[in-house]
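Engineer: Taking UniProt numbering, the leading residue of the sequence shown gets 1, the next gets one more, and so forth.
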Amino acid sequence: MEERLHRTLREVMLNHNNDYGFDVHATLLQSPDVPNLSIVIPYYESKHITLVIRYLYTGIVKVQQEHPEWQFEVIVIDDGSMNRADRIFNPQEYHNLAVTTLQSNRGRTEARNVGLRQARFPVVLFMDADIIVSDDVILNHLKVQVAEGIAGRCITVGFFATVAPADPFLTQPLTNNAIRSKLNDFRLSCVYQSSWIGCEEDKQFIGRMFEIVRETNGFRNWPIGSFFGPWILSNMVLGGFFMVDREAAFEVNGFDRSFVGYGFTETSLPTKLIARYSHYVVPVIEGVCLHIDDESEWPSRSEKNALFREKHAQYFNRYLELTCEEAIHG
Numbered sequence: 001m002e003e004r005l006h007r008t009l010r011e012v013m014l015n016h017n018n019d020y021g022f023d024v025h026a027t028l029l030q031s032p033d034v035p036n037l038s039i040v041i042p043y044y045e046s047k048h049i050t051l052v053i054r055y056l057y058t059g060i061v062k063v064q065q066e067h068p069e070w071q072f073e074v075i076v077i078d079d080g081s082m083n084r085a086d087r088i089f090n091p092q093e094y095h096n097l098a099v100t101t102l103q104s105n106r107g108r109t110e111a112r113n114v115g116l117r118q119a120r121f122p123v124v125l126f127m128d129a130d131i132i133v134s135d136d137v138i139l140n141h142l143k144v145q146v147a148e149g150i151a152g153r154c155i156t157v158g159f160f161a162t163v164a165p166a167d168p169f170l171t172q173p174l175t176n177n178a179i180r181s182k183l184n185d186f187r188l189s190c191v192y193q194s195s196w197i198g199c200e201e202d203k204q205f206i207g208r209m210f211e212i213v214r215e216t217n218g219f220r221n222w223p224i225g226s227f228f229g230p231w232i233l234s235n236m237v238l239g240g241f242f243m244v245d246r247e248a249a250f251e252v253n254g255f256d257r258s259f260v261g262y263g264f265t266e267t268s269l270p271t272k273l274i275a276r277y278s279h280y281v282v283p284v285i286e287g288v289c290l291h292i293d294d295e296s297e298w299p300s301r302s303e304k305n306a307l308f309r310e311k312h313a314q315y316f317n318r319y320l321e322l323t324c325e326e327a328i329h330g
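#1: Along the alpha helix (DSSP H) that carries cysteine 324, what are the first and last residues, could you check?
#2: Using only alpha-carbon positions, find the residue among Ala161, Thr109, Ala248, Leu125 that is nearest to residue 341.
#3: Spell out the partners DSSP gives phenylalanine 121 in its beta bridges.
#4: Please state whether the Cβ-Cβ distance between glutamine 118 and threonine 100 is less than 8 Å.
#5: Per DSSP, what kind of secondary structure is isoleucine 77 in: helix, strand or coil?
#6: Can you list, in chain order, the residues of its chain whose CB lies under 6 Å from that of asparagine 253, leaving out five sequence neighbours each side?
#7: Where does aspartate 202 sit, in a helix, a strand or coil, going by DSSP?
#8: Just to confirm the assignment, what range does the alpha helix (DSSP H) spanning alanine 275 have?
#9: Which same chain residues end up closer than 6 Å to glutamate 325 when comparing Cβ atoms and leaving out the 5 residues on each side of it in sequence?
#10: Just mark alanine 85 as buried or exposed, buried being the case when its beta carbon has 16 or more other beta carbons within 10 Å.
#11: Can you give me the Cβ contacts of arginine 276 inside the same chain, cut-off strictly under 7 Å, excluding the 5 residues immediately before and after it?
#12: Can you say whether glutamine 145 is buried or exposed, counting buried as having 16 or more other CB atoms within 10 angstroms of its CB?
#13: With C-beta atoms as the reference, is isoleucine 292 less than 8 Å away from isoleucine 39?
#14: Tell me the rounded alpha-carbon separation between aspartate 294 and tyrosine 43.
#15: Is it a yes or a no for the stretch 151 to 165 touching the stretch 305 to 321, going by three-plus beta-carbon pairs under 8 Å?
#16: Given that a residue counts as buried once 16 or more other Cβ atoms are within 10 Å of its Cβ, and exposed if not, what is cysteine 199?
#17: Bridge partners for tyrosine 43 per DSSP, in chain order?
#18: Going by DSSP, what residue range makes up the beta strand (DSSP E) through aspartate 245?
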């Protein structure tokens with residue numbers, strides 16, 4: 001294990017075996033005791049936070065119905081917003097919800113790190129302030145978190161249906177089936193777009209069809225020694241919704257502060273967890289999330305594409321060349 005500290009992140013990541021050894025669907029049919037949960041939500045001027053919190057608590061109630069002794073906390077980190085979260089909704093109306101307001105905008109990376117430092121429970125859910133959860137998604141992730149052989153050693157990742165804020169779909173009850181009907185997550189099926197390229201090598205994939213989850217057997221057969229198309233395993237962890245072991249995340253010092261602004265702000269933490277502790281990345285498709293993608297908010301789509309290419313170079317050309325020890329301790 002100590003030898004890993006002196007190898008580069010790229011080397012360790014590419015040699016990681018992600019075969020976690022079980023069928024996720026079969027695991028969800030079981031009823032294990034589930035770990036207590038800290039939920040961290042970075043907030044900055046989101047127009048949808050009230051709806052997000054309301055549906056979040058529907059998912060929380062679902063867990064409580066099956067596990068009455070289960071404990072949780074919701075930590076909203078207001079990242080210096082003009083429209084303060086605690087003035088948009090009343091935290092006192094929600095059990096175990098606390099809002100921490102930062103005096104200035106420090107970015108999503110630092111907001112997540114503040115939430116991680118405040119978290120008390122063994123598993124931490126990071127989710128964004130524009131994500132609506134279906135009522136079974138939290139429970140399903142918690143079941144996988146305690147699956148035999150990987151408890152405390154996995155990163156469970158959520159899947160998304162993405163809609164615009166003006167979509168009439170948002171005016172109807174957002175049931176599990178309704179959200180699933182909109183499921184359009186690129187990891188399930190996509191045609192690689194020219195706007196997605198992060199470097200010259202990626203151009204070869206333009207127009208190619210990918211079904212990443214199916215083709216890799218739920219990431220279990222992720223290629224050892226190479227990428228899958230243009231992606232490395234940590235790219236499968238999206239910041240909108242994923243769970244990690246709190247102690248391990250804290251020991252690797254959370255998210256890397258060099259990633260600020262749009263793009264790759266979440267990727268450093270799963271990278272370090274895989275590189276340092278061989279954590280598995282496990283997709284949980286049963287129970288999905290709705291991402292309200294507001295194109296009117298800064299940055300624009302064209303600006304996001306430019307920022308993505310910039311952060312792509314930072315991550316693949318510089319960050320992955322750090323040793324594990326350098327990445328953790330700076």
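Where a beta carbon is used, it is the ideal one built from N, C-alpha and C, also for glycine.
Values in this document were obtained by computation on a predicted structure and should not be read as measured data.
Structural biologist: Judging by the given coordinates:
#1: Here the alpha helix (DSSP H) through cysteine 324 covers 324 to 329.
#2: Since the first residue of the chain shown is 1 and the last is 330, residue 341 is not available in this structure.
#3: By DSSP's assignment, phenylalanine 121 forms no beta bridge with any residue.
#4: A distance below 8 Å separates the beta carbons of glutamine 118 and threonine 100.
#5: Here isoleucine 77 sits in strand by DSSP.
#6: Around asparagine 253: Ile328.
#7: DSSP places aspartate 202 in helix when its eight states are reduced to three.
#8: Where alanine 275 is concerned, the enclosing alpha helix (DSSP H) stretches over 268 to 277.
#9: Closer than 6 Å at the Cβ level, and outside the excluded window around glutamate 325, lie Leu5.
#10: Its Cβ being crowded by 16 or more others within 10 Å, alanine 85 is buried.
#11: The beta carbon of arginine 276 sits closer than 7 Å to those of Arg4, Val252, Cys324, Ile328, all from its chain and outside the five residues before and after it, given in chain order.
#12: Label assigned to glutamine 145: buried.
#13: Not in contact: isoleucine 292 and isoleucine 39 (Cβ atoms no closer than 8 Å).
#14: Cα to Cα, aspartate 294 sits roughly 14 Å from tyrosine 43.
#15: Short answer: they don't touch.
#16: So cysteine 199 ends up on the exposed side.
#17: In the DSSP assignment, tyrosine 43 is bridged to Asp78.
#18: Following the DSSP letters along the chain, one finds aspartate 245 inside the beta strand (DSSP E) bounded by residues 241 to 245.
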